[in-house]
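Undergrad: Counting along the sequence shown from 1, when you hit position 27 you're at 32 in this note's numbering, and nothing is skipped either side.
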Amino acid sequence: MGRLFLHVNVSLDGYIADAAGDIDWHFADDEFQRHIDELLESLDGMVFGRKAYEELAAFWPTAGDEVSATQRRRMHELPKYVLSRTLRATTWHNSHLLEDASALADLEGDVALFAGGRAATSAARLGLLDEVRLVVNPVLLGGGTRLFDGEYPKKTLTLVDERRFASGALLLTYAVARDDR
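Set out below in structure tokens:
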């Protein structure tokens, strides 16, 4: 088993998407883009929920200068794992279907779960997360998609790192206690 960590943007009130399902409220300055470049270079794979996968698969293959060359290259070449019980095929290069979150335990290397509240909740429920990295954006959305929504066992987290971005966003990295897994 590799190391699975959640890396997700979240509002101060705990939402990962606004009420319309949009994520255009994320604070993404040049400093944050460099962070994403470094993160993508360090990964062995990425995990997405179905909805996020479909949106990203429509964007990344034709992404242009609005993203860095590193992001375009890594989003193309990295293995992408999609948690879905409804998709029957994937079209994005190097993407693979996983029908059940328990299959995440078999992934090797450093793998980031980037998107999907249900995917994050499933990984938490199964005790598969080694780390939780929250990019807390200084915004209150007042409604939308919650990061964790559903039943999962209590987990003890320990703050192991924090990073402030000029935009006001804050990256908080928590380790999941081994005794809870």
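Positions of the beta carbon are idealized from the N, C-alpha and C atoms, including for glycine. The model shown is predicted, which means the values in this text are computed figures rather than measured ones.
Secondary structure at Glu167, three-state DSSP: helix, strand or coil?
TA: Reading the sequence shown from its first residue, position 162 is the one you call residue 167. DSSP places Glu167 in strand when its eight states are reduced to three.
Undergrad: Please report how far the alpha carbon of Trp65 lies from the alpha carbon of Thr163, in whole angstroms.
TA: Taking the first residue of the sequence shown as position 1, residue 65 is located at position 60. Taking the first residue of the sequence shown as position 1, residue 163 is located at position 158. Spanning the two alpha carbons is a distance of roughly 34 Å.
Undergrad: Write down every uninterrupted run of the alpha helix (DSSP H) in the region 35–70 whose length is 4 residues or greater and which is fully enclosed by it, in chain order.
TA: Within the region 35–70, the complete alpha helix (DSSP H) runs of at least 4 residues are 35–47 and 55–64.
Undergrad: For Thr91, count the other beta carbons within 10 Å of its own beta carbon; 16 or more makes it buried, fewer makes it exposed. Which is it?
TA: Taking the sequence shown and counting its residues from 1, one reaches residue 91 at position 86. Its Cβ having fewer than 16 others within 10 Å, Thr91 is exposed.
Undergrad: State the start and end residues of the unbroken beta strand (DSSP E) segment that holds His81.
TA: Walking along the sequence shown from the start, residue 81 turns up at place 76. No beta strand (DSSP E) contains His81, which is instead part of the alpha helix (DSSP H) from Ala74 to Glu82.
Undergrad: Going by the DSSP bridge assignment, what does Leu11 pair with across the sheet?
TA: For the purposes of this step, residue 11 is taken as residue 6 along the sequence shown, with counting starting at 1. In the DSSP output, where bridge partners are listed per residue, Leu11 has Leu118 and Val137.
Undergrad: Whole angstroms is fine: what's the gap from Arg8's alpha carbon to Leu145's?
TA: Within the sequence shown, the letter at position 3 stands for residue 8. Within the sequence shown, the letter at position 140 stands for residue 145. If I take the Cα positions, the gap works out to 31 Å.
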